[in-house]
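This report refers to the structure that appears directly beneath it.
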Amino acid sequence: MGIALHIKKLAGYVPGEQPRSKNVVKLNTNENPYPPSPKCTAVLSSFDLDDLRRYPDPNFTTLAKAIADENGTTSDRVFVGNGSDEILALAARVFVEDDESIGSLDPSYTLYKTLAAIRDVKWVGVGRAADDVRRASAALAECRKSNISLFLWTNPNAPTGELTEPKTIAAFAKKFKGVVIVDEAYADFARSNCMSLATAPRNRNVIVMRTFSKSYSLAGLRVGYCVGPKDLIDALYKAKPSYNVDAVAQAVALAAFKDGAYHRKTVAKVVKTRTAFEKVLAKRGWDVIKSESNFVFAKPPAGTAAKDVFSYLKGRDIYVRYFPGPLTGDRLRITIGTDRQMKTLLEALDDRFRR
Ligand SMILES: Cc1ncc(COP(=O)(O)O)c(C=O)c1O
Numbered sequence: 001m002g003i004a005l006h007i008k009k010l011a012g013y014v015p016g017e018q019p020r021s022k023n024v025v026k027l028n029t030n031e032n033p034y035p036p037s038p039k040c041t042a043v044l045s046s047f048d049l050d051d052l053r054r055y056p057d058p059n060f061t062t063l064a065k066a067i068a069d070e071n072g073t074t075s076d077r078v079f080v081g082n083g084s085d086e087i088l089a090l091a092a093r094v095f096v097e098d099d100e101s102i103g104s105l106d107p108s109y110t111l112y113k114t115l116a117a118i119r120d121v122k123w124v125g126v127g128r129a130a131d132d133v134r135r136a137s138a139a140l141a142e143c144r145k146s147n148i149s150l151f152l153w154t155n156p157n158a159p160t161g162e163l164t165e166p167k168t169i170a171a172f173a174k175k176f177k178g179v180v181i182v183d184e185a186y187a188d189f190a191r192s193n194c195m196s197l198a199t200a201p202r203n204r205n206v207i208v209m210r211t212f213s214k215s216y217s218l219a220g221l222r223v224g225y226c227v228g229p230k231d232l233i234d235a236l237y238k239a240k241p242s243y244n245v246d247a248v249a250q251a252v253a254l255a256a257f258k259d260g261a262y263h264r265k266t267v268a269k270v271v272k273t274r275t276a277f278e279k280v281l282a283k284r285g286w287d288v289i290k291s292e293s294n295f296v297f298a299k300p301p302a303g304t305a306a307k308d309v310f311s312y313l314k315g316r317d318i319y320v321r322y323f324p325g326p327l328t329g330d331r332l333r334i335t336i337g338t339d340r341q342m343k344t345l346l347e348a349l350d351d352r353f354r355r
């Protein structure tokens, strides 16, 4: 009787801080600063409470069909999760045997490591990769050596914001024996994506995963989805909790998804602010990795430690993200907020660090 040993040893995933006060500048968890589509408000205010008396559609039929139609594929190639985090947790169970491992870029989304530990398998980081075919083939060699059966390729990557071109991922997947999940949580902010790899009729092992949490401004709703070969999608269905996406979430996500014009407008605003912010940070001597996402990963000028900037900003109620460690500890990940929020951040930096 008791707790499994590997869970006893587990540190557990620590998500970014969610301060309760609304009077903070919150640039630490890559949420969208703009509200969700007004179509979501309409759905919520007219939601029939009687629909909550019954269980929701276990197969999210209408939402899956809308996603399939938009991507020129069929519903049987679409799966919806309680956030894309749930899809990742299911994938760790479904696509990995006890003696296999989970691989990803490094640094990347830190949850992957925790999911491997919960599953009691090894996590293997294969380096930064980005758009470098040579490094991608080195990653492939590492996958073979470490018996990796599930590769989680974050694209654009987090926390770096770098984009790998689809052709590089396609070449990797072609040679990789296991399942590749391209985690496209931030792809709507990027110039390209891998969806056509997932919908290609001959695709055998690429799943592309998206979320409503970032570009759709619905992190609180908990809806993510993925598209891939039917047999892999079927496997996710088999392992999922019966009613994993609640009725309100299905309806609100559908409304947001169908409001393409609003979505494009919001994404364009974030990208415009990001481009301007990258320039002003660079002008102040920060080393900014060119981002294809809704955040930047930047290193303060020489003589200023990222950790100190993080603590100073927190003291001024400005939350950014600091990831300690040799690969990430010299930078801060700063979510793109409104122009006004970015100005507040820059003014605070200038107060303390501008010479
Ligand atoms: C790379 C990446 N994948 C997945 C997620 C999880 O998204 P969701 O809110 O859909 O669970 C995040 C959240 O920050 C992320 O950064």
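Our numbering applies: residue 1 is where the sequence shown begins, and numbers increase by one. Heads up, the beta-carbon is just placed ideally off N, CA and C, and yes, glycines get one too.
According to DSSP, is residue i part of a helix, a strand, or is it coil?
i: V25; result: strand
i: K175; result: helix
i: D308; result: helix
i: V14; result: coil
i: C194; result: coil
i: V270; result: helix
i: D330; result: coil
i: Y225; result: strand
i: A68; result: helix
i: D287; result: strand
i: S213; result: coil
i: A185; result: coil
i: Y319; result: strand
Between residue i and residue j, what straight-line distance do the alpha-carbon atoms span, to the nearest angstrom?
i: E165; j: S192; result: 7 Å
i: A200; j: L44; result: 36 Å
i: F60; j: Q250; result: 7 Å
i: L236; j: F95; result: 9 Å
i: P33; j: Y216; result: 10 Å
i: Y262; j: S146; result: 44 Å
i: A136; j: A171; result: 9 Å
i: A268; j: T338; result: 12 Å
i: T211; j: A256; result: 12 Å
i: D330; j: S196; result: 36 Å
Decide if residue i is buried, meaning its Cβ has at least 16 other Cβ atoms within 10 Å, or exposed.
i: S37; result: buried
i: G81; result: buried
i: S84; result: buried
i: V14; result: exposed
i: N23; result: exposed
i: K283; result: exposed
i: T41; result: exposed
i: E292; result: buried
i: R264; result: exposed
i: L105; result: buried
i: G12; result: exposed
i: R333; result: buried
i: S242; result: exposed
Excluding sequence positions up to five away, which residues of its chain have a Cβ less than 6 Å from the Cβ of residue i?
i: E357; result: Residue 357 lies beyond the stretch modelled for the chain, which goes from 1 to 355, so this question has no answer here.
i: K65; result: S75
i: K122; result: S101
i: T266; result: Y34
Compare the C-alpha of residue i against each of the options and name the closest.
i: R119; options: T110, N71, P229 and H6; result: H6
i: I336; options: F297, L197, K39 and R204; result: F297
i: F295; options: Y186, N71, I207 and L218; result: Y186
i: V270; options: D188, L115 and A348; result: D188
i: T110; options: R93, P159 and R134; result: P159
i: L63; options: S137, L197, A247 and S21; result: A247
i: L88; options: A68, S108, P107 and L115; result: L115
i: P301; options: F310, D287 and K314; result: D287
i: D350; options: R210, L27, A139 and V309; result: V309
i: A306; options: I233, D51, S21 and Y322; result: Y322
Short of 7 Å in beta carbon distance, which residues of its chain neighbour residue i, apart from the five on each side in sequence? Order them along the chain.
i: L346; result: V280
i: Y312; result: R352
i: R222; result: N82, G83 and A249
Go through its chain and collect everything with a Cβ distance to residue i's Cβ below 8 Å, but skip five positions before and after it.
i: G178; result: F95, E100, C143, I148, S149, L150, F151 and N205
i: T344; result: V25 and I318
i: E31; result: S213, K214, S217, A219 and T335
Would you say residue i reaches chain B, if we count a Cβ-Cβ gap shorter than 8 Å as a contact?
i: L49; result: Going by chain labels, chain B is absent from the structure shown, which holds only one protein chain.
Please output, in chain order, the residues near ligand 2 using a CB cut-off of less than 6 Å to any non-hydrogen atom of the ligand. This structure simply doesn't include ligand 2; it includes ligand 1 instead.
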